[in-house]
Amino acid sequence: MVEQHSPRQTLCTFCGVVDQVTITPNDKVRGTGSMGVCVKGAHYFQKHLGSDPREVARFTSPMLRSPYGWERVSWDYAIDMAADTILADRQEFGRDSLGFYGVGQMTLESLWVAKKFFQGHLGTNNICSNAEQCLANNAGGHELVFGNEGPFSSYDDYRHAEAIFFYGHNPAINHPTVFQRYVRQNRAAVKVVVDPRRTDTVEQLLRDNPENIHLPVRSGGDVLLNCVIARYLVDHRAWDRGYVARHADPALADEFLRFIGTGPFGLDEAVPRLTPTGMPVVEMRERIVRAAELWRRDRVVTTSSVGINQTVGSAGVASILNLHLLTGHIGEPGRGHVRMAGQSNASAELALGYSGRLLPFRMRIAEERDRTEMAAIWELPPWRINPEPGLPVASFATSDRLRTLFVFGTNPARNFPNLRRWREKMMDLCIVYVDSYYNPEILEYADIVLPCRTKHETAGIFLNGERRLQFMEPVEEPAFEAWSDVRIVCEVARRVAARLEEDARPSAGGDARLTVAEVDDLVADGNRDIDPAALDKAFSYPTDDFGEPLSEYVWNEVQAASRGFYNEFVDGTGAPITLDQIRAGEGVQWAGERRYQPSGEGPLSSAVRRAERRAATFFVPPPERLLPFQERNRGGFVLITGRGVMGDKAKRHNVAMFNSSTATGADDWPDENSVYVNDADAARLGVTSGARVGLRNEIGAIECRAEVSPDVPAGHLYLTFHPDKADTHPNFLTSSDNIDPHTWQPLLKDTRVDLVVGGGQP
């Protein structure tokens with residue numbers, strides 16, 4: 060039971076920072092961790108704590124779509140329907156007909172049991188999450204250079220740094236507690252913001268210190284910029300030869316140095332390509348030189364976020380890490396690359412392999428050794444893990460594989476690329492929707508609704524952007540019939556097992572070796588590949604008095620499974636991290652403060668398995684990643700997207716409760732979003748603030764108001780991805796085909812559009 064007459068400690072999980080908060084007996088929110096709580100996180104608690112669930116649009120019971128509309132049903136009936144749907148579609152259409160799409164605010168425990176159920180026991184690799192759309196390329200960049208996905212720095216490194224670089228990151232709006240308490244408080248450090256737009260972060264940092272630097276490079280120019288900086292450092296002997304010799308693969312180091320030395324990366328040839336229209340080239344050159352000189356300092360920290368992840372992808376992140384490797388700024392206080400995530404458990408999604416090509420702990424589906432090892436961890440025969448890769452999330456809209464999709468805590472009716480086509484596809488799917496809050500968009504497509512507990516009613520583990528594991532305690536009793544995500548997955552799994560037991564047909568679960576074709580035959584023959592006894596056992600965790608699986612048992616399973624992997628959940632001494640450690644204070648970082656120890660002559664890092672030590676590898680980018688988008692667009696505009704609006708309205712909308720969860724509520728949405736146009740482009744086209752304009756390309760079209768702003772560079776447009784009542788969303792214009800080759804993350808910010816004055820859609 061939650062004691063509401065005394066202070067209650069929990070987590071603010073609005074974004075990927077994740078920090079401790081205390082709820083007072085009168086439901087006031089106090090930041091009690093090292094970073095405090097921002098207005099966005101506080102707004103969530105203040106809106107929902109102690110509120111009547113009906114006033115905040117909570118689901119109050121399971122629901123089933125019928126010819127007469129939505130009908131309330133019992134949990135027992137709803138679980139029956141979900142289990143029967145799984146078995147029927149799986150038998151008729153195969154394992155790949157099932158899919159799972161989760162939100163980065165699920166607990167680590169729920170992410171684990173969902174992965175084990177869908178990938179391990181049901182045999183589908185169509186398992187994706189929001190992290191594949193926002194953070195996967197951060198992991199991809201780390202894998203390209205260091206062989207693993209985990210970041211090697213912490214927020215505290217901002218305090219020790221002498222120079223801080225932000226790539227495609229607007230922390231003043233997106234991560235304000237870290238920005239205010241860590242970044243701005245380090246007044247001695249020079250800050251560099253690489254962003255085509257003059258963001259709130261740029262404004263605040265230039266007010267703090269005019270010596271801070273804004274590099275408004277053209278969209279798509281990040282990799283080229285980093286190659287220019289690398290060339291400058293090499294030409295001016297400002298790189299660490301000894302460090303590179305000790306820790307980098309020598310052949311790839313030589314290849315990278317030749318590439319940098321002979322490529323078009325000199326200041327004279329590259330700076331004009333990076334300079335936005337209207338800015339003097341000489342001014343951009345001066346800023347780039349100043350930024351490059353900062354790498355001579357002893358302690359440099361970089362940060363990348365969605366801006367670069369969705370623009371030039373894993374190649375962009377790898378190009379940043381090249382600079383760290385070239386200069387030796389790795390693995391010591393004030394040296395390294397900090398991951399900033401938009402979602403509180405996106406890092407857990409990465410660690411647990413939420414992608415159609417991955418197994419937990421970043422093992423590869425394509426590798427037989429990895430499948431065999433993961434099957435043993437899950438106590439399954441090796442053939443049970445499907446060797447065929449799943450779908451990229453971007454391909455959900457265009458594939459004929461999917462028949463049933465489980466959606467947990469997010470709104471794919473808005474956050475998928477090629478949105479118009481995806482919405483058409485959803486009409487043909489059976490969608491089992493698990494969430495706390497009523498959302499009119501996704502309910503147009505859902506067939507079964509299962510109400511889950513909200514974040515302030517849930518107990519569970521979160522892994523934030525600096526690899527810190529913390530425990531979220533419930534601070535309010537759950538409303539009505541809400542269950543946790545963990546319980547919902549376990550109940551569906553056990554009901555599937557019960558259905559198969561009722562069928563009384565022998566399974567082939569004990570066979571040691573079966574081919575893919577033989578497994579498919581068993582699936583078609585009544586799902587006989589599934590061992591119902593093993594399935595029931597796998598999801599029969601001890602529960603509390605209310606039937607909720609206990610976190611301790613799920614966590615112990617995860618921790619034991621992680622042993623031997625790079626993502627091994629151990630503390631700085633190498634001892635297994637316990638739930639008691641996670642619950643204490645501000646939790647614990649896996650493997651202590653840092654994973655990288657740069658001293659000595661041995662390999663710098665390890666790959667998927669800890670024992671597989673390896674040298675770091677410089678990444679040589681492909682030619683297509685060296686082209687700013689305007690060079691290949693041949694007219695039109697580059698569409699920039701982001702969180703929040705610009706100008707005075709930002710003071711209102713940027714602090715509103717909005718993230719990829721659905722807790723905002725449609726009543727809080729603005730009537731219509733606006734597209735922001737550079738003042739020179741507006742004058743050329745005859746666009747004025749408030750005018751109706753249309754945006755269109757080969758994917759789709761939208762119509763909205765225009766706002767004129769000098770903070771958007773010429774040749775670019777800016778449109779927020781906040782929801783609005785007019786359904787003005789950039790994903791009507793984004794492609795499902797343009798994905799990162801290493802991670803499959805959609806490159807949503809690599810989008811070309813035409814602007815039509817006066818509106819009108821094709």
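Take the sequence shown: its position 646, counting from 1, is numbered 705 in the numbering used here, and each next residue is one higher.
Heads up, the beta-carbon is just placed ideally off N, CA and C, and yes, glycines get one too.
The beta-carbon separation of Val582 and Gly153, rounded to 6 Å, stays under the 8 Å limit for a contact. For Tyr612, there is no enclosing beta strand (DSSP E); the residue is part of the alpha helix (DSSP H) that begins and ends at Ser610 to Ala620. One thing to note: Val493 has its Cβ no nearer than 8 Å to the Cβ of Phe475. For the pair Ile520 and Trp614, the CB atoms are nearer than the 8 Å cut-off. Annotated as proximal: Asn245 and Tyr217, with beta-carbon spacing under 8 Å. Cβ contact annotation for Tyr413 (same chain, cutoff 8 Å, sequence separation greater than five): Gly161, Leu170, Lys174, Ile186, Cys187, Ser188, Ala190 and Glu191, in chain order.
In the three-state reduction of the DSSP assignment, Met165 falls in the coil class, being assigned neither a helical nor a strand state. Distances from the alpha-carbon of Gln804 to those of Gly163, Ala405 and Ser373 put Ser373 closest. Runs of the beta strand (DSSP E) lying entirely within the stretch 221-280 and spanning at least 3 residues, in chain order: 222-226, 249-253 and 272-274.
The three-state reading of DSSP puts Gly90 in strand, counting E and B together. When C-beta atoms of the stretch 196-215 are compared with those of the stretch 362-372, three or more pairs fall below 8 Å, so the two segments count as touching. In this structure, the CA atom of Ala518 is about 31 Å from the CA atom of Gly701. A distance below 6 Å between beta-carbons, with the five flanking residues on each side excluded, links Phe224 to the following residues of its chain, in chain order: Val251 and Thr361.
Counting the other CB atoms within 10 Å of its CB gives Glu525 a total of 16 or more, which places it among the buried residues. For Ala620 and Asp544, the gap between their C-alpha atoms comes out near 21 Å. Using a Cβ distance threshold of 8 Å, Asp78 and Leu108 do not count as a contacting pair. By the neighbour-count criterion, in which a residue is buried when 16 or more other Cβ atoms sit within 10 angstroms of its Cβ, Glu345 is exposed.
Under the criterion of beta carbons closer than 8 Å, Gln529 and Cys74 do not qualify as touching, at roughly 14 Å. By the C-beta density criterion, Gly179 is buried, having at least 16 other C-beta atoms within 10 angstroms. Beta-bridge analysis with DSSP links Tyr492 to Val466 and Val508. Per the DSSP secondary-structure output, Thr69 pairs in a beta bridge with Val80. Linking Arg755 to Leu698 through their CA atoms gives a straight-line distance of about 11 Å. A direct Cα-to-Cα measurement between Met399 and Asn271 gives close to 21 Å.
Residue pairing by DSSP puts Val359 in a beta bridge opposite Ala222.
Within the same chain, and ignoring the five residues on either side of Asp783 in sequence, the residues whose Cβ sits closer than 7 Å to its Cβ are Trp728, Pro729, Asp730, Glu731 and Asn732. Ala592 has its alpha-carbon roughly 12 Å from the corresponding atom of Ala563.
With respect to Phe205, Phe420 sits apart: the two C-beta atoms are not nearer than 8 Å.
Scanning its chain for C-beta atoms nearer than 6 Å, with the 5 sequence neighbours on each side dropped, one finds around Trp481 the residues Ala456 and Phe475, in chain order. Assignment of Gly100 by DSSP, reduced to helix, strand and coil, places it in the helix class. Nearest C-alpha to Arg473 among Pro448, Leu502 and Gly449: Leu502. Taken in chain order, the unbroken stretches of beta strand (DSSP E) that lie wholly in the stretch 100-160 and span 3 residues or more are 122-125 and 128-131. Here the alpha carbon of Asp215 sits roughly 22 Å from the alpha carbon of Leu409.
Nearest to Gly585 by C-alpha distance, out of Asp604, Pro565 and Lys596, is Pro565. Counting C-beta pairs closer than 8 Å gives fewer than three between the stretch 141-159 and the stretch 593-605, which falls short of the contact rule.
The alpha carbon of Asn381 has as its nearest neighbour, out of Thr166, Asp580 and Gly200, the alpha carbon of Gly200.
The Cβ atoms of Gly90 and Val76 do not sit closer than 8 Å to each other.
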